[in-house]
Amino acid sequence: MKHRPFDSKYRPEFEVVEERRANVTLYPHTAQLPQIHRALNTEFLNALPPRIARADHRAGGFDKLALKSSALIFCNAINAARSDNVRLFRITTKDMVSKVAIVQQMTESHPLGQAHRFRFYAGEEFFPELYLNGKRVVFSTHVLERFSTRVHNRVGEDLSMFLIVFFGSTPISMTVGNGRAFICLCLDSILAFTYRESDTEYFITTCLTVNEINHLKPDDIPQAFNFHYGPEFTKPKLRHWQPSEDVVEMMKLWEKKAQLGPMVKCPPKHKWGYEASWVRDKLRANFHGPGSRMMFLDYVPGPHTWEVWPDDEEQLYDENEQPVFSFNSSQTSPQVREFMDLNPSSTSARTDSRFV
5 MKHRPFDSKY
15 RPEFEVVEER
25 RANVTLYPHT
35 AQLPQIHRAL
45 NTEFLNALPP
55 RIARADHRAG
65 GFDKLALKSS
75 ALIFCNAINA
85 ARSDNVRLFR
95 ITTKDMVSKV
105 AIVQQMTESH
115 PLGQAHRFRF
125 YAGEEFFPEL
135 YLNGKRVVFS
145 THVLERFSTR
155 VHNRVGEDLS
165 MFLIVFFGST
175 PISMTVGNGR
185 AFICLCLDSI
195 LAFTYRESDT
205 EYFITTCLTV
215 NEINHLKPDD
225 IPQAFNFHYG
235 PEFTKPKLRH
245 WQPSEDVVEM
255 MKLWEKKAQL
265 GPMVKCPPKH
275 KWGYEASWVR
285 DKLRANFHGP
295 GSRMMFLDYV
305 PGPHTWEVWP
315 DDEEQLYDEN
325 EQPVFSFNSS
335 QTSPQVREFM
345 DLNPSSTSAR
355 TDSRFV
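Numbers in the numbering used here are just positions in the sequence shown, counted from 1, shifted up by 4.
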């Protein structure tokens, strides 16, 4: 049975173990998740300025953005590679409060071979699995192996990098060879995750770079997908972005066989306390401040958020990718009036820059 010493000063002499249920293994063990999360969440919050650490559903937009940026740094930089193989992921609750989540990897037998799923533990009240347009996402072992060998990543960070690339993308389905694949932008290039679709799930079979993609064909109407919490899903009628623009960029990268860029050079290794102290200054340098906000991308509750700078307009696009409304505009279409009635909080948000 897999077990490793837990890497945290807040719970010394503790072993992280795997859980076995028939033909399913889960790591970390479900019963250990509250203890692991409590220790790492204490480490995360204790180093933050008190105003950011206390941010909850009542906090202003700038403080919520600072908490989100802090969680990204803590999960994806400070803890990208851990000796205990515990992986962290930034998750956002339905109140737009970012949390540090423990990634629980579930490995089981599948008709198509050994398969992996991921759940994200951010406390007893928030333990979601991410779905894609209403269906569960399952990965073959081959996907993880090919990603590790084909995509630049630092030693020990391959799974963390995989989670960021796949779940942090807005995938678009295209024809690849004789099948279909989710195309994702990655390191100045693209990756194709081929899949087989059933009534309840997408089974991801492999990971291809531009070197392995011999035929790539987009649909006349781009098939854009949204990650979301739980199986319930309604396709958004209005979007913050235009999928056709991503398709054009993806096709250009494929046609010129753009190779995956190098990993960003790591800054000097600092302790979490040092990094946490600079979060608000870095946001201000990116023109955020009082009046900044964030919302779910396309108003679909999930891992993707849309950042809002003060005093900008928020532009929405209809199903034909035509601009329909800016919240600072005096004219409102009937379609947007219906949208505003269903999403009353959207009227307080103004535009943004996409940041997943």
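Idealized CB from N, CA, C, for every residue including glycine.
ask   = Leaving out five residues before and five after T46 in sequence, what residues of the same chain have Cβ atoms less than 6 Å from its Cβ?
value = Working through the sequence shown from its first residue, we reach residue 46 at position 42. The answer, listed in chain order, is Y14.
ask   = If D250 sits next to M178, beta carbons under 8 Å apart, how far is it from one beta carbon to the other, in whole angstroms?
value = As a working note, residue 250 is residue 246 in the sequence shown. As a working note, residue 178 is residue 174 in the sequence shown. With a Cβ gap of about 11 Å, D250 and M178 do not count as contacting.
query = Does the beta-carbon distance from P314 to S296 come in below 7 Å?
reply = Working through the sequence shown from its first residue, we reach residue 314 at position 310. Working through the sequence shown from its first residue, we reach residue 296 at position 292. Going by C-beta atoms, P314 is nearer than 7 Å to S296.
query = Excluding five sequence neighbours on each side, which residues of the same chain lie with their C-beta closer than 8 Å to the C-beta of M100?
reply = Here residue 100 is taken as the residue at index 96 of the sequence shown, counted from 1. So the qualifying residues of the chain are H61, K68, M298, M299, F300 and T309.
task = Please state whether DSSP places P42 in a helix, a strand or coil.
result = Counted from its first residue, the sequence shown places residue 42 at position 38. The sequence given here places Arg at residue 42; Pro does not occur at that position. R42 falls in the helix class under three-state DSSP.
request  = Compute the Euclidean distance between the alpha carbons of I168 and N89, then round it to the nearest angstrom.
outcome  = Translated into the one-based positions of the sequence shown, residue 168 becomes position 164. Translated into the one-based positions of the sequence shown, residue 89 becomes position 85. C-alpha separation (whole angstroms): 16 Å.
key: Beta-carbon spacing of A84, S164 below 7 Å   = Residue numbering aside, residue 84 sits at position 80 when the sequence shown is read from its first letter. Residue numbering aside, residue 164 sits at position 160 when the sequence shown is read from its first letter. It is a contact, given that the beta carbons lie within the stated cut-off.
inquiry  = If contacts are defined as beta-carbon pairs under 8 Å, then I187 and M254 qualify, I think. What distance do you get, rounded to the angstrom?
reply    = Numbered from its first residue, the sequence shown carries residue 187 at position 183. Numbered from its first residue, the sequence shown carries residue 254 at position 250. Contact flag correct, Cβ pair sits at about 5 Å.
ask   = Could you give the distance in angstroms between the alpha-carbon of G160 and the alpha-carbon of K72?
value = Translated into positions along the sequence shown, residue 160 becomes position 156. Translated into positions along the sequence shown, residue 72 becomes position 68. Those two C-alpha atoms are separated by around 24 Å.
query = Looking at the structure shown, is T20 part of a helix, part of a strand, or coil, going by DSSP?
reply = Counting from one through the sequence shown, the residue named residue 20 turns up at place 16. Position check: residue 20 holds Val in this sequence, whereas Thr was assumed. Looking at V20 - three-state DSSP - the assignment turns out to be strand.
key: Cβ-based neighbour list, G265, same chain, cut-off 6 Å, excluding 5 preceding and 5 following   = If you number the sequence shown from 1, residue 265 lands on position 261. Correct list, in chain order: L191 and D192.
message = Below 8 Å on the Cβ atoms is my contact criterion, and I expect T97 with Q118 to pass it. Report the Cβ-Cβ distance as a whole number of Å.
response = In the sequence shown, the residue the question calls residue 97 occupies position 93. In the sequence shown, the residue the question calls residue 118 occupies position 114. That belief does not hold up - the Cβ atoms of T97 and Q118 are roughly 32 Å apart, past 8 Å.
S350, DSSP secondary structure in three states = Here the question's residue 350 lines up with position 346 in the sequence shown. Note that S350 scores a pLDDT of 43, beneath 50, so its modelled location is shaky; the value from the coordinates is reported in the next line. Three-state result, S350: helix.
task = Would you decide whether D203 is buried or exposed? Buried here means 16 or more other CB atoms lie within 10 Å of its CB.
result = The residue you call residue 203 lines up with position 199 of the sequence shown. That one is exposed.
inquiry  = Going by beta-carbon coordinates alone, are V104 and L116 separated by less than 7 Å?
reply    = As a position in the sequence shown, residue 104 is number 100, starting the count at 1. As a position in the sequence shown, residue 116 is number 112, starting the count at 1. No, the Cβ-Cβ distance between V104 and L116 is not below 7 Å.
Other residues of its chain near F237: CB distance less than 7 Å, five sequence neighbours each side excluded = One-based indexing of the sequence shown puts residue 237 at position 233. Closer than 7 Å at the Cβ level, and outside the excluded window around F237, lie Y135, N137 and G138.
query = Taking the continuous beta strand (DSSP E) assigned at W310, which residues delimit it?
reply = To locate residue 310, count along the sequence shown from 1; it is residue 306. First-last of the beta strand (DSSP E) with W310: T309 to V312.
key: Rounded C-alpha distance that separates V340 from Y233   = Residue 340 sits at position 336 when you count from the first residue of the sequence shown. Residue 233 sits at position 229 when you count from the first residue of the sequence shown. Interpretation of V340 is limited by its pLDDT of 46, a score under 50 that renders its predicted location unreliable; no figure is taken from the coordinates.
request  = Quick one: residues in its chain with C-beta nearer than 6 Å to the C-beta of D162, no 5 flanking neighbours on either side, listed in chain order?
outcome  = Working through the sequence shown from its first residue, we reach residue 162 at position 158. Closer than 6 Å at the Cβ level, and outside the excluded window around D162, lie S152.
message = Is it buried or exposed, F12, if we count other Cβ atoms within 10 angstroms and call 16 or more buried?
response = In the sequence shown, counting from the first residue as 1, residue 12 sits at position 8. A small correction: the amino acid at residue 12 is Ser; Phe does not occupy that position in the sequence shown. Residue burial is scored here from C-beta neighbours: S12 has at least 16 other C-beta atoms within 10 angstroms and is therefore classed as buried.
request  = Could you check the C-alpha separation between N80 and A185 for me, to the nearest Å?
outcome  = Reading the sequence shown from its first residue, position 76 is the one you call residue 80. Reading the sequence shown from its first residue, position 181 is the one you call residue 185. The straight-line gap from Cα to Cα measures roughly 26 Å.
Minimum C-alpha distance to L242 - residue among L76, V328 and P32 = Position 238 of the sequence shown holds residue 242. Distance check between L242 and each of L76, V328 and P32 places V328 closest, using alpha-carbon atoms only.
task = Counting only the same chain and skipping the five closest in sequence on each side, list residues whose C-beta sits under 6 Å from that of A51.
result = Numbered from 1 along the sequence shown, position 47 holds the residue referred to as residue 51. If you ignore the 5 residues before and after A51, its C-beta comes within less than 6 Å of the C-beta of W276, G277 and A280, all in its own chain and listed in chain order.
task = Give every residue of the same chain whose Cβ lies closer than 8 Å to the Cβ of V20, excluding the five residues on either side of it in the sequence, and list them in chain order.
result = The sequence position of residue 20 within the sequence shown is 16, counting from 1. Cβ neighbours of V20 beyond the five flanking positions: H7, R8, P9, F10, Y31, P32, H33, Q36, I40, D88, N89 and V90.
ask   = Closest to Q319 by CA distance: which of A70, K260, K261 and Q246 is it?
value = Numbered from 1 along the sequence shown, position 315 holds the residue referred to as residue 319. Ranking A70, K260, K261 and Q246 by Cα distance to Q319 puts Q246 first.
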